[in-house]
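> When the letters of the sequence shown are read in order and numbered with this note's numbering, they come out as residues 26 to 431.
Here a beta-carbon is modelled for each residue, glycine too, at the ideal position from N, C-alpha and C.
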Amino acid sequence: MRTCDNCGAEVTPGDGFCGNCGAFLAWNDPAPPPAPAATAVGAPAARDTATDAARDAGAGDAGAGDAGAGDAGAGAGAGESVAGDTAGPGADTAAEPGTAAEDTAARRAAALVVPVRPVDDDGPDRSDPVPAAAPAEPPPAADQPRAVRPGLPVAPGPVVRDFAGDAAGAPDDVVCPACGTGNPAGRSFCRRCGGPLAAPAGPAAAVPWWRRLRWPRRRPGRGGLRRLLAVLLVLALLAAAAWAAVRFGPRAVDAVRDRTTTPEAVLPSAVVASSEARGHPARSLVDGLNNRYWAPAADRPATGQYVELTFDPPIRLMDLIVHTGASPQQDVFVRQARPAELTLTLWTGDGPSSTRQLRLSDRPGPQTFHHVVGGVTRLRLTIDASYGAQRGREVALAEVEVFRRP
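1) Please return the same chain residues whose Cβ sits closer than 6 Å to the Cβ of Ser299, not counting the five positions on each side in sequence.
2) Would you report the Cα separation of Asp128 and Arg174, rounded to the nearest angstrom?
3) Which of the three DSSP states is assigned to Leu383 in this structure?
4) Does the region 376-387 come close enough to the region 415-427 to have 3 or more Cβ pairs within less than 8 Å?
5) Using 8 Å as the threshold, is the C-beta distance between Val281 and Met343 below it?
6) Based on Cα-Cα distance, which residue from Arg341, Arg252 and Gln355 lies nearest to Thr287?
7) Return the bridge partner residues of Val332 from the DSSP annotation.
8) Are the beta-carbon atoms belonging to His305 and Glu419 less than 8 Å from one another?
9) Leaving out the 5 sequence neighbours to the left and right, which residues in its chain are closer than 7 Å to Arg360 when beta-carbon positions are compared?
10) For Asp375, I'd like the list of residues in its chain whose CB is within less than 8 Å of its CB, leaving aside the five on either flank, ordered along the chain.
11) For Thr287, does the three-state DSSP call read helix, strand or coil?
12) Counting along the chain, where does the alpha helix (DSSP H) carrying Arg388 start and finish?
13) Among Cys204, Phe49, Asn31 and Arg303, which residue has its Cα nearest to the Cα of Gly39?
14) What residues match up with Gly207 in a beta bridge as DSSP calls it?
15) Please classify Ala362: does DSSP put it in a helix, a strand, or coil?
16) Could you give the DSSP three-state label for Ala266: helix, strand or coil?
17) What residues in its chain sit with their C-beta under 6 Å from that of Phe358, if we drop five residues either side in the sequence?
18) Taking DSSP as the reference, what is the three-state secondary structure of Arg341?
19) State the DSSP-derived secondary structure class of Ala280, mapped to helix, strand or coil.
20) Can you give me the C-alpha to C-alpha distance between Glu301 and Ala307, rounded to a whole angstrom?
21) Taking the beta strand (DSSP E) that Arg429 belongs to, which residues open and close that run?
22) Quick one: does Arg27 have its CB under 8 Å from some CB of chain D?
23) Hey, how far is the Cα of Ala34 from the Cα of Cys43?
24) List the whole-angstrom C-beta distance separating Leu310 from Leu404, where the pair is believed to meet the contact cut-off of C-beta under 8 Å.
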């Protein structure tokens with residue numbers, strides 16, 4: 026069983042990643058260690074045999090020192106033996122590898138031994154013979170192992186495992202969320218892609234702000250009065266807000282609409298006057314012509330005379346435009362008297378009335394007055410003062426334009 030080099034856990038052969046720590050594994054099992062170099066057959070034995078032969082040859086030469094001729098013959102015999110051995114290496118090659126190596130070692134040891142003649146007391150001293158030249162080293166045997174250059178290690182080629190052909194896993198296998206490979210239960214990382222098998226937890230859902238507005242936790246029996254007062258205060262504020270919305274809400278809406286809408290002209294449903302001069306009825310105030318006017322009766326003083334306009338349905342009054350004089354032309358304008366002050370009186374559907382003083386300029390043309398009142402049902406203009414009032418002159422009021430909010 027293979028083990029992970031990172032954590033030491035056992036891994037299944039063929040897996041690309043460790044199931045415990047997710048470390049990458051080698052594609053193949055580690056290569057077996059190289060076999061030790063072969064030892065030459067018979068080399069230790071040959072070395073021991075050569076050593077024993079040299080030791081035996083030295084002992085034999087020491088015992089043969091009594092006869093010089095015998096020594097010379099022994100030396101000659103040794104020489105012949107060496108020569109014979111040197112000349113016939115071909116015959117030894119036919120022998121077994123172990124025997125040939127032993128014989129070669131023995132011959133080498135014998136060739137290195139130099140015979141020594143003992144000193145003769147009766148005869149003159151003889152110089153030591155010149156040792157024969159050592160024979161050339163025979164070629165090694167055919168089966169003798171030779172030294173070779175060590176080879177470089179060759180890395181094994183990668184073997185890619187086809188996970189698509191894996192057999193169907195057990196029902197309790199964990200499917201990798203990244204590549205879909207089945208993994209045995211208990212693994213933490215995928216055996217194919219190394220991804221984590223446990224799905225990461227999603228971000229926590231944000232809590233709405235209204236759920237975070239909670240009363241602080243307090244010990245039981247404490248703060249009850251404070252909570253009651255807080256509840257009562259909240260209820261009082263809600264009640265005040267509701268009352269303000271009912272009381273001032275419509276006014277606020279009307280104020281916004283008054284400033285954002287464009288007023289439009291409206292005609293009254295009825296027009297009446299306190300008195301009328303011949304040829305100058307009250308209806309002339311709303312006929313759209315500024316060269317026709319209303320004038321009170323000449324036999325009565327103009328002060329206190331009025332004209333009244335009725336609106337059905339009620340309107341929200343925005344603007345009032347007044348044209349004074351008998352005509353917009355200056356020479357005709359000064360021929361008759363003109364109103365200098367008017368009292369504006371308004372009636373609404375609720376019943377109470379409101380009044381306002383309108384001061385007019387002594388010039389021809391329109392004069393605008395902005396006065397906002399809602400629910401107006403009647404509008405009255407009363408003459409309080411006049412310009413150019415003389416006997417035989419009429420106080421002329423040429424035109425009155427009323428504008429309402431749509």
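So, from the data block:
1) Close CB contacts of Ser299 within its chain, under the 6 Å cut and outside five residues either way in sequence, are with Gln330 and Tyr331 (chain order).
2) 29 Å
3) Strand at Leu383.
4) no
5) no
6) With respect to the C-alpha of Thr287, the residue from Arg341, Arg252 and Gln355 having the closest C-alpha is Arg341.
7) Ala298 and Leu406, per the DSSP bridge assignment.
8) yes
9) Ala351
10) Gly400
11) coil
12) Note, Arg388: premise wrong, no alpha helix (DSSP H); not H, not E.
13) Phe49
14) Val200
15) In this structure, DSSP gives Ala362 an extended state, which the three-state scheme calls strand.
16) helix
17) Gly350, Ser352 and Pro389
18) strand
19) helix
20) 7 Å
21) Leu422 to Arg429
22) Although the question refers to chain D, the structure presented lacks it and comprises just one protein chain.
23) 8 Å
24) About 11 Å; that fails the 8 Å criterion.
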